[in-house]
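S.K.:
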Amino acid sequence: MSLPLAFRAYRAATTALEPAVLGLLYWRQTRGREERSRLGERQGYPGRQRPDGHLIWVHGASIGETLSLLPVVERLTQRGLSVLVTSGTRTSASLIARRLPPGAAHQFVPVDVPRYVRRFLDHWQPDLALVAESEIWPNTIMALDERRIPLVLVNARMSDRSFRRWQKMPRVIGSLLERFALCLA
């Protein structure tokens with residue numbers, strides 16, 4: 049299946065702009081929006097070893113999404129599965145680290161740059177990915193699909209503004225959404 053031109057352009061741009069993304073991460077760190085000791089995680093470097101056995105990757109962008117996933121994380125760990133929880137904000141990382149059950153760990157999600165995503169997936173090798181709400185990152189979605197890792201969108205929502213924007217690019221959003229194994233609104 050061919051990819052829409054807009055997606056190919058996005059992938060090329062995020063690849064070409066990788067040095068600028070790294071600069072942006074360091075700039076954000078000087079503003080207190082990134083943790084200096086964990087900047088590598090935003091580049092896909094692991095913050096810890098991958099546990100043995102099956103691993104479920106659970107992602108929530110910020111505090112609300114991440115907290116809404118805690119009951120799911122607890123159920124998965126109770127079933128003996130290891131869970132990697134990712135988020136994108138310092139506040140969510142701090143809060144979630146105190147609340148994770150045994151068998152679950154937190155890492156910052158990598159920025160949606162192909163090499164960062166590849167590095168992240170090469171290390172963690174999740175068996176399943178669960179994403180909360182409206183986190184639609186094209187390079188990540190495509191990388192999961194290429195590796196045949198099922199992706200589930202839980203508690204999906206879309207703002208009116210995003211809906212109007214995606215209506216202008218139906219092939220792009222269609223190409224991305226068809227790669228989800230399941231979408232739960």
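So for the sequence shown, the working numbering puts the first residue at 49; every next one is plus one. The beta carbon of each residue, even a glycine, is placed where N, CA and C say it ideally should be. Keep in mind the model is a prediction, meaning the values are calculated, not measured.
(1) How many whole angstroms separate the CB atoms of S130 and H102, which I take to be in contact at a CB cut-off of 8 Å?
(2) Could you work out which residue in L201, K216, L176 is closest to S116 when comparing CA atoms only?
(3) By DSSP, does W75 sit in helix, in strand, or in coil?
(4) If you count every other CB in all the chains shown that lies within 10 Å of the CB of A60, and 16 or more means buried, which is it?
(5) Does DSSP put Q155 in a helix, in a strand, or in coil?
(6) Kindly list the residues whose CB is nearer than 6 Å to the CB of R167, restricted to its own chain and excluding five residues on each side of it in sequence; keep chain order.
(7) Within its chain, find whatever has a CB closer than 8 Å to the CB of A204; leave out the 5 residues flanking it on each side and keep chain order.
(8) Residues bridged to H107 by DSSP?
(9) Between the C-alpha atoms of A153 and Y58, what's the straight-line distance to the nearest angstrom?
(10) Are the Cβ atoms of V134 and F156 separated by less than 8 Å?
(11) Rounded to the nearest angstrom, how far is the Cβ of T62 from that of D160, given a contact under 8 Å?
(12) Assuming Q77 contacts L87 under a Cβ cut-off of 8 Å, what Cβ separation, rounded to an integer in Å, is found between them?
M.R.: Reading off the structure:
(1) On the sequence shown, residue 130 is found 82 positions in, with the first residue counted as 1. On the sequence shown, residue 102 is found 54 positions in, with the first residue counted as 1. Their Cβ separation, rounded to whole angstroms, is 7 Å, which keeps S130 and H102 in contact under 8 Å.
(2) Here residue 116 refers to the residue found at position 68 of the sequence shown. Checked all of L201, K216, L176; the closest Cα to S116 is L201.
(3) Sequence index remark: in the sequence shown, residue 75 carries index 27 (1-based). Residue state, collapsed to three classes: helix.
(4) Taking the sequence shown and counting its residues from 1, one reaches residue 60 at position 12. By the 10 Å Cβ count, A60 comes out exposed.
(5) Here residue 155 refers to the residue found at position 107 of the sequence shown. In this structure, Q155 counts as strand in the three-state DSSP scheme.
(6) Your numbering for residue 167 matches position 119 in the sequence shown. Once the five neighbours on either side are set aside, the close Cβ partners of R167 are G92.
(7) In the sequence shown, residue 204 corresponds to position 156, counting from 1. For A204, where only same-chain residues beyond five positions count, the Cβ hits under 8 Å are E181, S182, C231, L232, A233.
(8) Counting from 1 along the sequence shown, the entry for residue 107 is found at position 59. Looking at the DSSP assignment, H107 forms a beta bridge with T134, V179.
(9) For the purposes of this step, residue 153 is taken as the residue at position 105 of the sequence shown. For the purposes of this step, residue 58 is taken as the residue at position 10 of the sequence shown. The straight-line gap from Cα to Cα measures roughly 31 Å.
(10) On the sequence shown, residue 134 is found 86 positions in, with the first residue counted as 1. On the sequence shown, residue 156 is found 108 positions in, with the first residue counted as 1. Reading the sequence as shown, one finds Thr at residue 134 and not Val. Result yes, Cβ atoms of T134 and F156 sit closer than 8 Å.
(11) The residue given as residue 62 occupies position 14 in the sequence shown. The residue given as residue 160 occupies position 112 in the sequence shown. Right, their Cβ atoms sit about 6 Å apart.
(12) Within the sequence shown, numbered from 1, the residue matching residue 77 stands at position 29. Within the sequence shown, numbered from 1, the residue matching residue 87 stands at position 39. That belief holds up - the Cβ atoms of Q77 and L87 are roughly 6 Å apart, short of 8 Å.
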